[in-house]
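What the sequence shown shows, in numbering that gives the first Met the number 0, is residues 0 to 30, in sequence order.
Glycine residues also receive a C-beta, built at the ideal position from the N, C-alpha and C atoms.
Heads up: the structure comes next, in structure tokens.
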Amino acid sequence: MRNEIMSLIVESGMDEDCYTEMLDYTIELFE
């Protein structure tokens, strides 16, 4: 799941650390 979302973020040009941190936090909530 995380890799798919990261791919979308990178493709969207939003490859920033803050997005990565938010993504990690969000995924932790769902796991």
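- Excluding its 5 nearest sequence neighbours in each direction, residue 11 has no C-beta neighbour in its own chain below 8 Å.
- About 6 Å separates the CB atoms of residue 18 and residue 8; that is less than 8 Å, so the two are in contact.
- Sequence-distant Cβ neighbours of residue 4 in its own chain, meaning closer than 7 Å and more than five residues away, are 22.
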